[in-house]
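K.L.:
Sequential numbering of the sequence shown, starting at 10, is according to the working numbering.
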Amino acid sequence: MIFQVFKSSDSLFEWVDVQNPTPEEYQTLVEMYQLHPAAVKDCLAPLHLPKIEKMEEVLFLIIRVYDQTANSNADTVQQLTNKVAIFLSNHFIITIHRAGEPFLIELREQWHQHQADSHIAEYLFNQLIDKAINTFAPALETSTNRLDELEKVIFTKPKDHEIIYQMYALKRRSSVFKRVLFLTHEVIGKYAKLTARQDPFTQDLIDSIDFLSFLAEESHENVTALLNLHLALSAHRTNDIMRFLTIFSVFFMPLTFIVGVYGMNFEYMPELKMPYGYLATWIEMLLIISGIYLWFKYKKWL
């Protein structure tokens with residue numbers, strides 16, 4: 010579906026938004042705006058990462074925005090983000106996307122009745138990119154809050170094995186955000202070079218991406234550290250169990266030896282004939298256990 014969202018008062022510039030276009034609508038765009046077939050082919054591919062290309066007088070950009078309908082278990086670029094293709098020239102901006110992106114719907118409503126001349130093109134483009142990259146802000150905030158919750162659970166429910174799967178999924182999401190924002194930063198940097206633009210709007214875009222990239226990087230590092238902490242705590246609990254079992258076995262090693270000696274079926278064993286042999290054996294074993302206990306306390310192993 011093709012929407013002519015905005016046309017400048019001097020008719021020299023327009024914004025056309027295209028949602029889930031058919032092959033016939035693609036062909037219409039190619040013929041009407043002289044778009045390069047290779048760029049249109051890229052619009053059809055769903056897995057493209059952010060990039061920018063200059064084709065004669067037209068800049069072709071692909072950016073990815075956060076998909077607000079993404080499942081909580083989503084952890085890939087395709088599952089977490091949607092692709093938006095942008096054609097930019099002095100006379101038009103064409104945005105092409107499959108899903109109904111909320112930020113584009115909002116902008117369409119703002120610009121539908123907008124009255125301005127063709128010099129508004131740069132401002133519109135910067136608004137598009139700014140709104141697009143800021144779709145990641147709520148997702149990153151959600152990841153940070155979820156990370157705080159998992160950090161508490163690690164100490165309150167250390168034996169909950171589901172935690173490690175949740176942390177790994179969160180790590181994957183953070184990794185996707187980090188990668189997409191890094192590539193978007195490169196795209197905007199190349200855009201500034203190709204257009205030789207050093208205006209405050211473009212710098213604001215770069216600053217916004219830098220901030221979101223920092224949040225994604227911090228989230229990725231924190232969840233990695235939390236995952237390592239969880240594994241370390243699990244190893245510590247295992248070591249504590251092994252330590253307890255080792256100490257327990259040390260107490261019984263000499264007792265097992267004594268019982269083993271007097272349990273042998275030899276005919277001549279003088280101690281077996283002693284009237285108080287049984288009591289003496291018990292006293293000996295208790296003294297051995299007490300001695301081992303005091304030795305462990307002295308060495309601070311208990």
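Even glycine gets a Cβ: it sits at the ideal position worked out from N, Cα and C.
#1: Buried or exposed: which applies to A244, given that a residue is buried once 16 or more other Cβ atoms fall within 10 Å of its Cβ?
#2: Can you tell me whether I267 is buried or exposed? The criterion is at least 16 other CB atoms within 10 Å of its CB, across all chains shown.
#3: What does DSSP give as the partner residues of F101 in its beta bridges?
#4: Have a look at Q119 and R246 and give me their C-alpha separation to the nearest angstrom.
#5: What runs of the beta strand (DSSP E), each 3 residues or longer, lie entirely inside the stretch 164–192?
#6: Does the Cβ-Cβ distance between S222 and L190 come in under 7 Å?
#7: Cβ atoms of I11 and E40: under 7 Å apart, would you say?
#8: From the DSSP output, in three-state form, read off A141 for me.
#9: How many angstroms separate the CA atom of P111 from the CA atom of F253?
#10: Shortest alpha-carbon distance to K199 belongs to which of I71, D26, Q13?
#11: Quick one: what's L68 bridged to in DSSP?
#12: Between the C-alpha atoms of A79 and P55, what's the straight-line distance to the nearest angstrom?
#13: Drop a sphere of 10 angstroms on the beta-carbon of L44, count the other beta-carbons inside from all chains shown, and report buried for 16 or more, exposed for fewer.
#14: Would F145 and Y42 qualify as a contact pair, given that the criterion is a beta-carbon distance under 7 Å?
#15: Report the three-state DSSP secondary structure of Y277 (helix, strand or coil).
#16: Give me the Cβ distance between H121 and K180, rounded to the nearest whole Å; I'm assuming they're in contact under 8 Å.
#17: Measure the C-alpha to C-alpha separation of P209 and L133 and round it to an integer number of angstroms.
#18: I'd like the list of long-range same chain contacts for D84, defined as Cβ closer than 6 Å, with 5 residues on each side in sequence excluded.
#19: Under 7 Å Cβ to Cβ from K140, same chain only, skipping five residues before and after it: list those, please.
#20: What residue range does the alpha helix (DSSP H) around H229 cover?
#21: Please report the distance separating the alpha-carbon of G286 from that of L238.
#22: Measure the alpha-carbon distance for T104 versus D249 and round it to whole angstroms.
#23: Can you check which of these residues, A48, L58, H57, is closest to E65 by C-alpha distance?
#24: If you follow the alpha helix (DSSP H) that P46 is in, where does it begin and where does it stop?
#25: Can you tell me whether Q87 sits near the ligand NAD, meaning its C-beta is under 6 Å from at least one heavy atom of the ligand?
#26: By Cβ distance, which residues of its chain are closer than 7 Å to S152, with the 5 residues on each side in sequence left out?
#27: Distance, Cα to Cα, A289 vs K309?
#28: Note down, in chain order, each residue of its chain lying with its Cβ closer than 6 Å to the Cβ of A148, except the 5 sequence neighbours on either side.
#29: Rounded to the nearest angstrom, what separates F186 and Q87 at their Cα positions?
P.N.:
Put simply:
#1: By 1-based counting over the sequence shown, the position of residue 244 is 235. Label assigned to A244: exposed.
#2: Here residue 267 corresponds to residue number 258 of the sequence shown, with the count starting at 1. I267 comes out exposed.
#3: Within the sequence shown, numbered from 1, the residue matching residue 101 stands at position 92. Paired residues: E23.
#4: Indexing the sequence shown from 1 puts residue 119 at position 110. Indexing the sequence shown from 1 puts residue 246 at position 237. Their backbone Cα atoms lie some 58 Å apart in a straight line.
#5: Fully enclosed beta strand (DSSP E) runs of 3 or longer: not present.
#6: The count along the sequence shown starts at 1 and reaches residue 222 at position 213. The count along the sequence shown starts at 1 and reaches residue 190 at position 181. A contact, by the Cβ cut-off of 7 Å.
#7: Within the sequence shown, residue 40 is the residue found at index 31, counting from 1. Within the sequence shown, residue 11 is the residue found at index 2, counting from 1. The beta carbons of E40 and I11 sit no closer together than 7 Å.
#8: The residue given as residue 141 occupies position 132 in the sequence shown. Three-state DSSP puts A141 in a helix.
#9: Along the sequence shown, one-based indexing puts residue 111 at 102. Along the sequence shown, one-based indexing puts residue 253 at 244. Computed Cα separation, rounded: 58 Å.
#10: Here residue 199 refers to the residue found at position 190 of the sequence shown. The residue with the shortest Cα to Cα distance from K199 is I71.
#11: On the sequence shown, position 59 is the one that residue 68 refers to. According to DSSP, L68 bridges with K63, L97.
#12: Indexing the sequence shown from 1 puts residue 79 at position 70. Indexing the sequence shown from 1 puts residue 55 at position 46. Computed Cα separation, rounded: 16 Å.
#13: Translated into positions along the sequence shown, residue 44 becomes position 35. Around the Cβ of L44, a 10 Å sphere holds 16 or more other Cβ atoms; the residue is buried.
#14: Within the sequence shown, residue 145 is the residue found at index 136, counting from 1. Within the sequence shown, residue 42 is the residue found at index 33, counting from 1. No, these two residues do not count as a Cβ contact at 7 Å.
#15: Against the sequence shown, residue 277 aligns to sequence position 268. Correct three-state label for Y277: coil.
#16: For the purposes of this step, residue 121 is taken as the residue at position 112 of the sequence shown. For the purposes of this step, residue 180 is taken as the residue at position 171 of the sequence shown. Rounded, the Cβ-Cβ distance is 41 Å, inconsistent with contact.
#17: Numbered from its first residue, the sequence shown carries residue 209 at position 200. Numbered from its first residue, the sequence shown carries residue 133 at position 124. For P209 and L133, the distance between alpha carbons rounds to 14 Å.
#18: In the sequence shown, the residue the question calls residue 84 occupies position 75. Correct list, in chain order: A178, R181, R182.
#19: Numbered from 1 along the sequence shown, position 131 holds the residue referred to as residue 140. Answer for K140: F112, L116, listed in chain order.
#20: What you label residue 229 is simply residue 220 of the sequence shown in a count that begins at 1. 209–271 is the span of the alpha helix (DSSP H), which, as asked, contains H229.
#21: As a first step, residue 286 must be located in the sequence shown, where it is residue number 277. As a first step, residue 238 must be located in the sequence shown, where it is residue number 229. Each residue's Cα considered, the two are about 54 Å apart.
#22: Locating residue 104 in the sequence shown gives position 95, where the first residue counts as 1. Locating residue 249 in the sequence shown gives position 240, where the first residue counts as 1. Each residue's Cα considered, the two are about 60 Å apart.
#23: The residue labelled residue 65 in the question sits at position 56 within the sequence shown. Considering only alpha carbons, the answer is A48.
#24: Your numbering for residue 46 matches position 37 in the sequence shown. Taken as a continuous stretch (DSSP letters only), the alpha helix (DSSP H) holding P46 covers 46–53.
#25: Of the ligands one can find in the structure shown there are none, so the ligand NAD has no counterpart to examine.
#26: Residue 152 sits at position 143 when you count from the first residue of the sequence shown. Apart from the 5 residues on each side of it in sequence, S152 sits with its Cβ closer than 7 Å to the Cβ of L179, R182, S183, S228 in its chain, given in chain order.
#27: Counting from one through the sequence shown, the residue named residue 289 turns up at place 280. Counting from one through the sequence shown, the residue named residue 309 turns up at place 300. Whole-angstrom Cα-Cα distance: 30 Å.
#28: Numbered from 1 along the sequence shown, position 139 holds the residue referred to as residue 148. Excluding residues within five positions, the ones whose Cβ falls inside 6 Å are Y75.
#29: Taking the sequence shown and counting its residues from 1, the one referred to as residue 186 is at position 177. Taking the sequence shown and counting its residues from 1, the one referred to as residue 87 is at position 78. So the two alpha carbons sit approximately 12 Å from each other.
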